[in-house]
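One structure below.
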Amino acid sequence: MPNLTLRGIPDDIHAELKAAAKRNHRSLNGEILFRLTTSVGPETEDRDALLARIERRRRAIGPMAADRAELLERITREREAAGSIDLDDETIRELKNAGRR
25 MPNLTLRGIP DDIHAELKAA AKRNHRSLNG EILFRLTTSV GPETEDRDAL
75 LARIERRRRA IGPMAADRAE LLERITRERE AAGSIDLDDE TIRELKNAGR
125 R
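When the letters of the sequence shown are read in order and numbered with the working numbering, they come out as residues 25 to 125.
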């Protein structure tokens, strides 16, 4: 796998990447790879279709705590980056149950 060296990264961009890596429990390298993969990876469906699918899943899951909604959004973003954003029935059931706790 090739390596890449970046030079001249503005301080504010570097700080934001470090903060995002910490929030997402990733290394700085992992955060950058995630963002690169997300931005240049294959697009399996357009943004409007993706947002419509997310909204359908939110309605299926029902009301939930903000932290559960954030978790679902994070899972969706990561699965989208990996090229797989389908949530199966079991995952939806688990998220519904988690929202009731």
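By construction, the Cβ of each residue, glycine as well, lies at the ideal position given by its N, Cα and C atoms.
Environment of residue i [buried if 16+ CB atoms lie within 10 Å]
i   : result
I37 : exposed
L96 : buried
7 angstroms Cβ shell around residue i - same chain, five flanking residues per side excluded
i    : result
N48  : E55
A105 : F58, T61, T62, G65
A84  : I116
I78  : T100
A39  : none
Helix, strand or coil at residue i according to DSSP, with G and I counted as helix
i    : result
R50  : coil
R31  : coil
A44  : helix
A106 : coil
D70  : coil
Cβ-based neighbour list, residue i, same chain, cut-off 8 angstroms, excluding 5 preceding and 5 following
i   : result
L52 : L41, K42, A45
Same chain only: Cβ atoms within 6 angstroms of residue i, ignoring 5 sequence neighbours per side
i   : result
I33 : none
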